[in-house]
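The numbers in the UniProt record's numbering rise by one with no breaks, and the one at position 86 of the sequence shown is 86.
Notes follow the structure.
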Amino acid sequence: MRMEFCVSTSHYKKLLKGRQLGLCKRDFGQKWGCKKYTGDFANYAEVIKFYELNEIWKQIEDILKKNSYSHWRSVQGAPKVIISTILDLAAIFKQDAGSWKQEVIETVVEKLAIILGALGKSYHPELGPYVSEGFIDYFKNLESKYSL
1 MRMEFCVSTS HYKKLLKGRQ LGLCKRDFGQ KWGCKKYTGD FANYAEVIKF
51 YELNEIWKQI EDILKKNSYS HWRSVQGAPK VIISTILDLA AIFKQDAGSW
101 KQEVIETVVE KLAIILGALG KSYHPELGPY VSEGFIDYFK NLESKYSL
């Protein structure tokens, strides 16, 4: 989400017209265990490199190998949706960070909404849509709050 709203060339950042979101403060997320961002949000590649998102594919492969691919293939329901969507995300992050465009960021946000919905559904069958919609509403609220 930081890339969606904080990178200087992103669609939303341009629409904010200089207004700063808490999400874009360098220390955002530290209380949840994220490391303090030291870059300047100049481009997507910088953020991807800082958070080592381009290494996610290897980390996911390592996790899958430890538990054997065949085990993961037999998973059903919400866990299967989560795993397959994480694999989709990992493939996206495997791309050259310098080639990212707004559409890629939007796809990442869409995939995150799917994961959150599947997580919600894994807790209760009717919770998934509420979690996904809440995530999407968060973006809509930002859009309306900042007249995007």
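Where is the CB? At the ideal position from N, CA and C, for every residue including glycine.
If you draw a straight line from the C-alpha of residue i to the C-alpha of residue j, how long is it?
i	j	result
Glu55	Phe5	22 angstroms
Pro125	Gln76	14 angstroms
Thr38	Ser74	41 angstroms
Ile48	Leu127	31 angstroms
Gly134	Tyr123	16 angstroms
Phe139	Ile82	21 angstroms
Gln30	Val108	22 angstroms
Leu64	Gly18	43 angstroms
Val7	Ile136	20 angstroms
Cys24	Glu103	20 angstroms
Tyr51	Lys66	24 angstroms
Asp62	Trp32	24 angstroms
As a quick exercise: from the options, pick the residue whose alpha carbon is nearest that of residue i.
i	options	result
Leu112	Ile86, Thr38 and Gln102	Ile86
Thr9	Ala78, Phe28, Gly117 and Asp40	Asp40
Trp100	Gly29, Gly18, Cys24 and Ala42	Ala42
Pro79	Leu116, Leu16, Val7 and Tyr138	Leu116
Ser84	Pro129, Leu119, Glu46 and Ala45	Leu119
Lys94	Lys35, Gln59, Ile63 and Lys25	Gln59
Can you give me the Cβ contacts of residue i inside the same chain, cut-off strictly under 8 angstroms, excluding the 5 residues immediately before and after it?
i	result
Ala91	Trp57
Phe28	Arg2, Gly22, Cys34 and Tyr37
Arg26	Lys36, Tyr37 and Thr38
Following a CB-centred definition, is residue i positioned closer than 6 angstroms to any heavy atom of the ligand ZN?
i	result
Cys34	Looking for the ligand ZN in the displayed structure turns up nothing, as the structure carries no ligands at all.
Leaving out the 5 sequence neighbours to the left and right, which residues in its chain are closer than 7 angstroms to residue i when beta-carbon positions are compared?
i	result
Asp88	Lys111
Lys121	Ala78, Leu127 and Gly128
Within its chain, find whatever has a CB closer than 6 angstroms to the CB of residue i; leave out the 5 residues flanking it on each side and keep chain order.
i	result
Leu21	Phe5
Met3	Tyr44, Val47 and Ile105
Gly98	Ala45
Val131	Leu116, Gly117 and Gly120
Applying the 10 Å Cβ sphere with the 16-neighbour rule, what's the burial state of residue i?
i	result
Tyr44	buried
Ile114	buried
Leu53	buried
Task: Any alpha helix (DSSP H) of 4 or more consecutive residues that is wholly inside the segment 63-137 - done: Counting whole runs of 4 or more residues, the segment 63-137 contains the alpha helix (DSSP H) stretches 69-73, 77-94 and 102-123.
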